[in-house]
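Contents: one structure, followed by commentary.
Residue numbers (full-length UniProt numbering): 1 to 66.
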């Protein structure tokens, strides 16, 4: 994966929001991009206070992602 993920060595998924509509998802992404860092951290802390990697339960072999 390139772009932001590669540049900043992102390797954990700590927040996501499900939606059935791509337009709603894009709107939410744009909204979050306007948020300051503090607000984003508070959002993650609210839904995932231990900062667990949510994707670990989706991908059985973590070695694939590294």
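Every residue, glycine too, gets a C-beta built ideally from N, C-alpha and C. Please read these numbers as outputs of a predicted model, since none were measured by experiment.
CB of residue 15 within 7 Å of CB of residue 44, strictly:
yes
Mapping the DSSP letters down to three states, classify residue 18 as helix, strand or coil.
coil
Taking just the CA atoms, how far does residue 35 sit from residue 28?
11 Å
So, residue 13 versus residue 55, is the Cβ gap smaller than 7 Å?
yes
Rounded to the nearest angstrom, what separates residue 48 and residue 30 at their Cα positions?
21 Å
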